[in-house]
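Residue numbers (the working numbering), protein chains in the order written: chain A, 25 to 142; chain B, 25 to 142. From the three backbone atoms N, C-alpha and C, an ideal C-beta is built for every residue, glycine too. Contents: one structure, followed by commentary.
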DNA sequence: TAATTACTGAACCATATGGTTCAGTATGTA
DNA sequence: TACATACTGAACCATATGGTTCAGTAATTA
């Protein structure tokens, strides 16, 4: 069976923690792109884009290939399965804590009634 | 209608990009905990734990409350809905790119056949 | 061959991160 | 009142991040 060992979640979550990189993912979702085209799209130097792409690559979210003088970037095959899995499993934990509406309401009060030393 | 405006994804994904913080979330999934108990559990100074908890708090993933001299931490009410939503939407993009097995195989070859200037 | 294009790498900068220690402050207990 | 507990904040440290500029190299094109 073909198995993808995803790079540790540290890398992928860190990669997703930047709006430009999330934008690059969205862009690649519409089709492959060169470093230059991404640089134009995101108003950034080639070097800047290259670094972002490298972060995405280390996280396994993007693959690149250089043909001639052009490096083409596309979404990686491993996808976001591992991240989705981690999050879904924890969502259950969160929900379990909040099956009663009371908790939510008391939290809201807490957030409103400020001036506390909290 | 009660609406939670989640702090930007930047904050929550960054918060999730650290194994200790993911561990704290798991721990709080089993019940509330004080700073001291988390520090014991994760073999870290109180100050260190406090910082991690603050990162989780800024991301809205954890709420804390100080009663007496003890600060109690628990999972935040907003949960991981926004993150799950972002990821699920992108999974479709990734899958759309890889509905053919060919692509996966060609990537695997690429990863194996190294020594290229890639 | 010369000029242009596309990328790359090193160096730099300011700021953030993940951790520590140390010196408090506030609370609870004997 | 004295001591212990639980946290807090400032200061420090090494390393990472997000960006830049500048000086290349390699591939096309004229």
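Which whole runs of the alpha helix (DSSP H) in the segment 27-103 of chain A are 4 residues long or more, in chain order?
-> 33-40, 43-53, 59-65 and 70-82
Would a check of beta-carbon distances place residue 66 of chain A closer than 7 Å to chain B?
-> no
Would a check of beta-carbon distances place residue 111 of chain A closer than 7 Å to chain B?
-> yes
Buried versus exposed call for residue 94 of chain A [16 or more other C-beta atoms within 10 Å across all chains shown] | exposed
Would you call the CB atoms of residue 40 of chain B and residue 66 of chain A closer than 7 Å?
-> The answer is no: Cβ separation not under 7 Å.
Is the CB of residue 83 of chain A under 7 Å away from at least one CB in chain B?
-> Look at residue 83 of chain A: its C-beta is not under 7 Å from any C-beta on chain B.
Give the single residue among A:109, A:64, A:102 and A:92 whose Cα lies nearest to the Cα of residue 81 of chain A.
-> When each option's Cα is compared against that of residue 81 of chain A, the closest is A:102.
Closer than 7 Å, Cβ to any Cβ of chain A: which residues of the segment 80-104 of chain B, in chain order?
-> 87, 89, 90, 98, 99, 101, 103 and 104
Could you pull out every residue in the same chain whose Cβ sits closer than 8 Å to the Cβ of residue 96 of chain A, ignoring the five residues on either side in sequence?
-> 56, 57, 58, 88, 89 and 90
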